[in-house]
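Asker: Line by line, the protein sequences are chains A and B.
First residue of the first sequence: 1, per our numbering; consecutive thereafter.
First residue of the second sequence: 1001, per our numbering; consecutive thereafter.
C-beta atoms are modelled at their ideal positions from N, C-alpha and C, and glycine is treated no differently.
Fair warning: this is a prediction, and the values are worked out from it, not measured in the lab.
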Amino acid sequence: MHLKRGMGIADARAMHPGIEIVEAEPDADKALLNGLADWCDRYTPLVALDGVDGLFLDISGCAHLFGGEQAMLNEIAKRLLGQGFCVRLGAASTPGGAWAAARFSNAAILTPKSEAAFLAPLPLSALRLAPELRERLEGVGLRRVGTLLQAPRAPLARRFGKGLLLRLDQALGAVEEAISPRLPVAPLSVERFLPEPLVRMEDVEHLLGLLANTLKGDLERRGEGARRLELRLFRVDGLVSRIAVGAARPLRDPHLILKLFRERLAVLGDQVDAGYGFDLVRLSAALVAPFDDRQADLVDSTGDEGEGIAHFADRVRARYGAETIVRPVLVESHIPEHAVTAVAVEDRVEAVPIQDERGANSERPIRLLQHPELLQVSAEVPEGPPIHFRWRSALHKVARSEGPERIAPEWWRDRADAETRDYFRIEDTEGRRFWLFRRGFYGTAARPPAWFMHGLFP
Amino acid sequence: MATSAVAKDIVFALRQQIAKIEGALPERLAAPDDAEDSAVIVRRHGVAARRLLQIGVEELDAALGGGLEAGALTELHGRETRDAAASAGFALCLVSLWLKAVTAAPFILWIGTEEIFREAGFPYGRGILGLFGISPENLLFAAAPKPSDALWIAEEAAVLSDFAAVIVELRGSPRALDLTATRRLHRRAQKAGRPVFLLRQGAAAEPTAAPVRFVLSASAAGLRETLDGPLPLSIGPPGFAVEISKSRTAAPGRFVLEWNADERIFEDRRRGRFAPPDRGAVVSLSGGGQGVEEALGAVVAFGQSGARAAHHQPSREQHPAHLRPRRAS
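#1: If you measure between the beta carbons of residue 227/A and residue 247/A, is that distance less than 8 Å?
#2: So, is residue 20/A buried or exposed, given that buried needs 16 or more other C-beta atoms within 10 angstroms?
#3: Please check if any C-beta of chain A sits within less than 8 Å of the C-beta of residue 1028/B.
#4: Is the stretch 439-447 of chain A touching the stretch 413-428 of chain A in the sense that three or more CB pairs, one from each, lie closer than 8 Å?
#5: So, residue 108/A versus residue 101/A, is the Cβ gap smaller than 8 Å?
#6: Against chain B, does residue 366/A count as a neighbour if the rule is that its beta carbon must be under 8 Å from one of theirs?
#7: Please determine if the stretch 1059-1078 of chain B and the stretch 1182-1195 of chain B are in contact, where contact requires at least 3 C-beta pairs separated by less than 8 Å.
#8: Quick one: does residue 1156/B have its CB under 8 Å from some CB of chain A?
#9: Any heavy atom of the ligand MG closer than 7 Å to the beta-carbon of residue 1184/B?
#10: Using only CA atoms, which one of 135/A, 229/A, 124/A and 130/A lies nearest to residue 145/A?
#11: Considering only C-alpha positions, which residue in the set 284/A, 315/A, 93/A and 427/A is nearest to residue 212/A?
#12: So that I know if they touch, is there some Cβ in chain A lying closer than 8 Å to that of residue 1126/B?
#13: Where residue 71/A and residue 18/A are concerned, what is the direct C-alpha to C-alpha distance, given to the nearest angstrom?
#14: Taking 7 Å as the limit between beta carbons, can you name the residues of its chain near residue 165/A, skipping five residues before and five after?
#15: Under 9 Å between beta-carbons, which chain A residues line up against residue 1082/B? List them in chain order, please.
#16: Here's the rule I'm using: 16 or more other beta-carbon atoms within 10 Å means buried, otherwise exposed. How should residue 180/A be labelled?
#17: Mind checking which residues open and close the beta strand (DSSP E) that includes residue 377/A?
#18: Taking the C-alpha atoms as reference points, what is the distance between residue 126/A and residue 119/A?
#19: So, helix, strand or coil for residue 412/A, using DSSP?
#20: In terms of alpha-carbon separation, which member of 141/A, 437/A, 367/A and 364/A lies closest to residue 386/A?
#21: What does residue 1147/B touch in chain A if you count any residue whose Cβ is under 9 Å from its own?
#22: What whole-angstrom Cβ distance do residue 1247/B and residue 1212/B have, given they're in contact under 8 Å?
#23: May I have a chain-ordered list of the beta strand (DSSP E) segments no shorter than 3 residues that lie completely inside the stretch 1189-1267 of chain B?
#24: Among 1126/B, 1157/B and 1139/B, whose alpha-carbon lies nearest the alpha-carbon of residue 363/A?
#25: Might you give, ordered along the chain, the residues of its own chain that have their beta carbon closer than 6 Å to the beta carbon of residue 1308/B, omitting 5 neighbours on each side?
#26: Please state the DSSP three-state secondary structure of residue 1080/B.
#27: For my contact list, residue 1217/B and residue 1082/B are in at a C-beta cut-off of 8 Å; report their separation, rounded to the angstrom.
#28: State the DSSP-derived secondary structure class of residue 460/A, mapped to helix, strand or coil.
#29: Using DSSP with H/G/I as helix, E/B as strand and the rest coil, what is residue 1153/B?
#30: Is the stretch 195-213 of chain A close to the stretch 264-283 of chain A, with three or more CB pairs under 8 Å?
#31: Does the stretch 1225-1239 of chain B come within contact of the stretch 1049-1069 of chain B, defined as at least 3 CB pairs closer than 8 Å?
#32: How far does the alpha helix (DSSP H) with residue 222/A in it extend, from its first residue to its last?
#33: Mind pulling the chain A residues with CB within less than 9 Å of residue 1238/B?
#34: Here's the rule I'm using: 16 or more other beta-carbon atoms within 10 Å means buried, otherwise exposed. How should residue 1093/B be labelled?
#35: Select from the stretch 398-409 of chain A all residues with a C-beta closer than 9 Å to any C-beta belonging to chain B, and list them in chain order.
#36: Note down, in chain order, every chain B residue with its Cβ under 8 Å from the Cβ of residue 442/A.
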């Protein structure tokens, strides 16, 4: 048809008036390729993207599960064709060889050491070379891979750089090349192929229980428990759902695992659509940690009081995300908002020795606003406490006040232009007590002082 | 008169039955007069033992029938969002009292919606430690996206034996918080025998399953105690105006309580402050000061008229707020 890449629409129309124009959508293409890569996870956990139109699958040790390399290629081709993709496949013992086999033959399987013979008659574009390098090579008459293979190496390297020889060696297997998988490989996975797809989520949960039981045996053998678990549901039509849950403590118990996934599935609801059913379900322990077995005594179960809370926190987090449930920890800092931080429930942080709790630090509000809120304030004297202030558009008259308590910025941590705060405890005429502060001084700083509401006292 | 006697009998029997259903002693319905009522444990259907949390203020305890039921849902209302500190403070006072009464599991879970934590401020560990003595290690906060999510977390937490108390804080009157939801929470609290406090900021009084509802508002703080009596214009122990808006045993009433952060007890504002017992050994003040003994039992709550002028105290500017009066011991 004589159409080329980079051709103008007008030229193309002039040649073929009936042509249909579709705008390119690189993002959608990328998403599609990612989805396809997800789907290819069913064959091997090592799937890597190659450019904008290719996928590498490392099938070492996986091919026999699908009846050998030829049967595997046939199945992939058949399934992708069924999904409406036009694919070219190739298999070889090196990524470079497979790349060439997929692009320059149809479904060729290169046995080890046969790469050179296969590549020799092919053009240089079979070597994954940069276009400029290829043009330079072609400029001196090197048009086939075979001629390159016969040429002496040293002059080639001198004239065209090391990259050329590297590509050549990678294609032939002289240099090991690893593909970089998209997703980290889970240490442990159990999966089940289903001849009859599962449509009901209850069945999926039941199967998940069976898989968790199998996983438990594997974890026990390794003396480990899972800290993060991932469930992958491969839908018949190619869509893959990944559902992950975390655990505060290493987990083995199938019931607890099932409980966590139930929470996650309950919150996901319709987002996990079974459609025509799932034909592969895989449960993997994405992160494992040593599992210390505890001896239960006769009186008490295990004597570990934090365990119930840890499991409870896991379930809450499985539903609403990791930041939902936190524990406050006191930190050594003068700045009130930095003096307490939140950590995950299971984190055991060394407690900061609290200065005399009845001393200066005791006069702290019980609620602290996440961001101090700007106030409109009238004060009798510039440096003194306010006589009335407007907060959230309501006027509060000050009955009593205590202060100021001056808190200077932490120069070792704050920015250079951070300003000193003078905190006041205020009681308004209705008996509410507030903690507010004035930022900066009158007459000295570049910007005028401002008043802020920072906390509430009971 | 035979008919009226029979009627009385029927009424009495019915009342007994109702009390049995509600799990309250019929005697208490009539007259809460028992002096040694302090450790009342009521067996209900022979299983659940009810335990009372004593607030420590006689009239309030008496009005509630010996104390607040511990294994129950208790509603604490704040009229407006800026009263959030008063109602949260009162809940923490009750938690602090409860922690003194129980031995195991000191963990407290405070669940709120992201909205209320944003509007009324996130609970601040340092202040809670200072005022109520609840260590931050034992506090857990859960911020739920929606009221229904907060209620789900609360229901799950209410059955756990690892928590000594659960606080649920919501703003306004969300639809998820209906009679069914509160009944579920109440039942679980009853079963676990631990309190669940439902803090509602800016909410109207709606029918819920909670047996007791308090409406909280801030009340002027007491004055700081010094060796020579209260310090004028200082902001001392926090005051709470507690209104019983719903209770099976009590008529609606209003109480003004003061939280003593040192002893971690409530004091009734109307009765004046009880003097700490170890005041006796204090040496009398020099100069124009007067003996300490006269200051005992002074009424401090009703404005400055009751407070003695402290002419020998340093002026307010010279007396920084963080210098607390020293207590002799």
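Answerer: So, from the data block:
#1: yes
#2: So residue 20/A counts as exposed.
#3: Here residue 1028/B scores only 47 on pLDDT, less than 50, and its place in the model should not be relied on; the value that follows carries that caveat. Chain A contact via Cβ: absent.
#4: yes
#5: yes
#6: yes
#7: yes
#8: Cβ-Cβ to chain A under 8 Å: yes for residue 1156/B.
#9: The model on display carries no ligand, and the ligand MG is accordingly not part of it.
#10: 124/A
#11: 284/A
#12: yes
#13: Approximately 41 Å between the Cα atoms of the pair.
#14: 153, 156 and 157
#15: 391, 392, 394, 396, 432, 434 and 456
#16: exposed
#17: 367-379
#18: 8 Å
#19: If DSSP states are grouped into helix, strand and coil, residue 412/A belongs with coil.
#20: Minimum Cα-Cα distance from residue 386/A among the listed residues 141/A, 437/A, 367/A and 364/A corresponds to 437/A.
#21: What residue 1147/B touches in chain A: nothing, since even the nearest Cβ is about 13 Å away.
#22: 5 Å
#23: 1196-1201, 1212-1219, 1224-1226, 1229-1231, 1239-1246 and 1253-1260
#24: From the listed residues 1126/B, 1157/B and 1139/B, the smallest Cα separation to residue 363/A is found for 1126/B.
#25: Residue placement at residue 1308/B is poorly supported in this model, since its pLDDT is 43, which falls under 50; the coordinates are not used for a value here.
#26: coil
#27: Your pair residue 1217/B and residue 1082/B does not check out as a contact, with CB atoms roughly 10 Å apart and the cut at 8 Å.
#28: Outside the displayed span of chain A (1 to 458) sits residue 460/A, for which this structure offers no information.
#29: helix
#30: yes
#31: no
#32: 201-222
#33: What residue 1238/B touches in chain A: 433, 457 and 458.
#34: buried
#35: Answer in chain order: 399, 400, 401, 402, 403, 404 and 405.
#36: Neighbours of residue 442/A on chain B: none; closest Cβ ~17 Å, over 8 Å.
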